[in-house]
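Those sequence lines, one after another, are chains A and B.
According to the numbering used here, the first sequence is numbered sequentially starting from 1.
According to the numbering used here, the second sequence is numbered sequentially starting from 1001.
All residues carry an ideal CB built from backbone N, CA and C; glycine is no exception.
Working notes for the structure below.
2 protein chains.
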Amino acid sequence: MKELAQQLKEKNLKVTPQRLAIFQMLSNTVEHPSAETIYKALETTHPTMSLATVYKTLDALKKASLIQELNVGEDCFRYDARTHSHPHLICVSCCKVVDMDSIYLNDIRERVEKNSDFDILDEKIYFYGVCPNCKESKEH
Amino acid sequence: MKELAQQLKEKNLKVTPQRLAIFQMLSNTVEHPSAETIYKALETTHPTMSLATVYKTLDALKKASLIQELNVGEDCFRYDARTHSHPHLICVSCCKVVDMDSIYLNDIRERVEKNSDFDILDEKIYFYGVCPNCKESKEH
DNA sequence: TATTATATAAAAATTATTATCAGTAAGGTG
DNA sequence: CACCTTACTGATAATAATTTTTATATAATA
């Protein structure tokens, strides 16, 4: 909370209840909700907030590097309050999106740079598969 | 060519000039065009073909695993006639999308499976950076 | 040939996202 | 605290990629 307010101020962004609510909601979930999902989740506590505000807030937070946008291949974006690049795992059965500690893939960027001659700035890594839960329920 | 006709038949898909044209166009380019780009590229040779047909054909080819859909983070999809999963490099300066031989990353999927308990079926890996060309032109 | 299934083109519909704009609130300054 | 500037909000309209629909055409099959 206080951190967010601080960081917003540093970027000349105003601290508003809507921004706090959206950032807090994103920080407290392990899901990776879309704009629509966030909007609906805040409907009860912030009934007057419009969908446009959700979009604009997400855009502002994204530009301020306070959240990141995920492009899982669906028809809409998802958002993640963890801003350092880390791979995501998507369950093709239940559509859940979970974080993966990137420590396991630390050496990849280096390898790619060596082999491609690109200067790599960022990466987006998605793995698609069946999560432990869905594996189990399929077996029964 | 003949191969495609064969493969379409095997999947109970009809062989049509439009499908052949789109697949051929995709096979002969190292770019990774979008539906719109494909549509425009075929405008002269296939003036009657509609954009809806392009979309449906791409969808059919995708479902038949004859092409793959790329989600680079733009507002539309790109397509690739190489169907085995391989990482893509996107130049943030000139927006070029290039293929990367996946040999270099062969061991990753295994590592991820071990650490996540998912059964991994597929992966989408994108690296964003500056390509050799753009690096050079920036220096001068 | 008659029948059936699938493909196409054109247009309309859908849907995520963005733009517009009038009204409002935040945060600074005196 | 009152004022002022600027950024933000909310409602709605606009945009654009994609999907669906509908009518027609084509091919496969009996």
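In the three-state reduction of the DSSP assignment, A:Lys96 falls in the coil class, being assigned neither a helical nor a strand state. Taking a C-beta distance under 8 Å as the contact criterion, A:Pro87 and A:Ile125 qualify as a contact pair. Within 10 angstroms of the beta-carbon of B:Ser1050 lie fewer than 16 other beta-carbons, which makes it exposed.
Pairwise C-beta distances place the segment 98-116 of chain A out of contact with the segment 1004-1015 of chain B, as fewer than three of them are shorter than 8 Å.
B:Asp1101 counts as exposed, since fewer than 16 other beta carbons sit within 10 angstroms of its beta carbon. Among the residues facing chain A, B:Asp1117 is included, as its CB has a counterpart in that chain under 8 Å away. In the DSSP assignment, A:Tyr39 falls within the alpha helix (DSSP H) that extends over Ala35 to Ala41. A distance of 8 Å or more separates the beta carbons of A:Ser65 and A:Thr48. A:Ala5 sits away from A:Met25, with the two beta carbons spaced by 8 Å or more. Your pair B:Asp1080 and B:Ile1090 does not check out as a contact, with CB atoms roughly 13 Å apart and the cut at 8 Å.
The beta carbon of A:Arg109 sits closer than 8 Å to those of Ile120 and Glu123, all from its chain and outside the five residues before and after it, given in chain order.
In this structure, the alpha-carbon of A:Lys11 lies about 10 Å from that of A:Leu61.
Assignment of B:Arg1082 by DSSP, reduced to helix, strand and coil, places it in the coil class.
Listed as beta-bridge partners of A:Asp101 by DSSP are no residues whatsoever.
Close to B:Met1049, with beta-carbon spacing below 8 Å, lies no residue of chain A; the smallest spacing is near 24 Å. Per DSSP, reduced to three states, the secondary structure at A:Ile90 is strand. As computed with DSSP, A:Ile67 is found in no beta bridge at all.
With a 10 Å radius around the Cβ and a threshold of 16 neighbouring Cβ atoms, B:Ser1137 comes out exposed.
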